[in-house]
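Peer 1: Here it is, the structure in full.
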C-alpha cells in the first residue's frame, strides 16, 4: 500500500530545534490513512513500546543494538573493563556507525555527544527507508524521528530544572527506578 497523501502532508523534520508537529498531531494525521494494526504500531512506538514482527523495526532494533554495543565497548575500554559478556547479538554491521560514534565521543561536551548520537539515529532512519519514500516504513521512520526532535525541543533550562526537582523528590520519597525518557 502507498501512503502518498500522508507522507506528503507531513512537515519536514530536522534536528535544528525547529517547531514540529506534536505526537498527538501526528497520530491525528495518521488516523485517516492507516488501518488499526498500523495505528497500533505507531502509537506503541510513540509510547516507547517495542514492536515485534516488523521488518523495518527489526532493522532499526539491530541498529540500536549496534549503537548501544559500540557505546558500551568505548565505555568499557575507557574504564579498562571487559565488555564481551555485556555485548548483545544483532544482525548487520555498519562501520560508518562505529566511525560516527568514535567521532561523537571525541567531543568533550556530554550534551554535544548525545546530540551527535541522536543525529546518527536520525540519519540512519533516513538511510533505512532507502527509496521507499511513500511506504509504511517511511511513516515508522518519521514517528521515530519525531520522537527524537520532540525530545530535543522539550529540552530547555526550565524543563531541565523541573525534571531534576522531580527526580530528587521522587528518589527521596520512594525507591522507584529513574526514568530518563522525559
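In the working numbering, the protein residues as written are 31 to 212.
For every residue, glycine included, the Cβ atom is placed at its ideal position computed from N, Cα and C.
Under DSSP, the alpha helix (DSSP H) around residue 98 begins and ends at which residues?
Peer 2: Its alpha helix (DSSP H) spans residues 85-108.
Peer 1: By Cβ distance below 7 Å, which residues in the same chain neighbour residue 152 in space, the five residues on each side in sequence not counted?
Peer 2: Cβ within range, chain order: 45, 175 and 178.
Peer 1: Between the beta-carbon of residue 171 and the beta-carbon of residue 156, is there less than 9 Å?
Peer 2: It is a contact, given that the beta carbons lie within the stated cut-off.
Peer 1: Could you tell me which uninterrupted alpha helix (DSSP H) segments, each at least 4 residues in length, are contained entirely in the segment 132-185, listed from first to last along the chain?
Peer 2: Entirely contained in the segment 132-185, the alpha helix (DSSP H) runs reaching 4 residues are, in chain order, 140-159 and 166-184.
Peer 1: From residue 164 to residue 134, what distance separates their C-alpha atoms?
Peer 2: Rounded to the nearest angstrom, the two C-alpha atoms are 32 Å apart.
Peer 1: How many Å lie between residue 173 and residue 72 at the Cα?
Peer 2: In a straight line, the C-alpha of residue 173 is about 7 Å away from that of residue 72.
Peer 1: What residue range is occupied by the uninterrupted alpha helix (DSSP H) comprising residue 71?
Peer 2: Counting along the chain, the alpha helix (DSSP H) containing residue 71 begins and ends at 66-76.
Peer 1: Look up residue 53 in the DSSP assignment and say whether it is helix, strand or coil.
Peer 2: In this structure, residue 53 counts as helix in the three-state DSSP scheme.
Peer 1: If you run the structure through DSSP and keep just helix, strand and coil, what is residue 191?
Peer 2: Residue 191 falls in the helix class under three-state DSSP.
Peer 1: Do the CB positions of residue 36 and residue 64 come within less than 9 Å of each other?
Peer 2: Contact: yes.
Peer 1: Would you mind reading off the limits of the alpha helix (DSSP H) that contains residue 36?
Peer 2: That run of the alpha helix (DSSP H) goes 34-39.
Peer 1: Would you mind sorting residue 96 into buried or exposed? The rule is 16 or more other CB atoms within 10 Å of its CB.
Peer 2: Answer is buried; the Cβ neighbour count reaches 16.
Peer 1: Once DSSP output is grouped into helix, strand and coil, what is the label at residue 119?
Peer 2: Three-state result, residue 119: coil.
Peer 1: How big is the Cα-Cα spacing for residue 103 and residue 62?
Peer 2: Computed Cα separation, rounded: 44 Å.
Peer 1: Where residue 89 and residue 76 are concerned, what is the direct C-alpha to C-alpha distance, given to the nearest angstrom?
Peer 2: Residue 89 and residue 76: Cα-Cα distance of roughly 18 Å.
Peer 1: Between residue 74 and residue 66, what straight-line distance do the alpha-carbon atoms span, to the nearest angstrom?
Peer 2: Between residue 74 and residue 66, the C-alpha separation is close to 12 Å.
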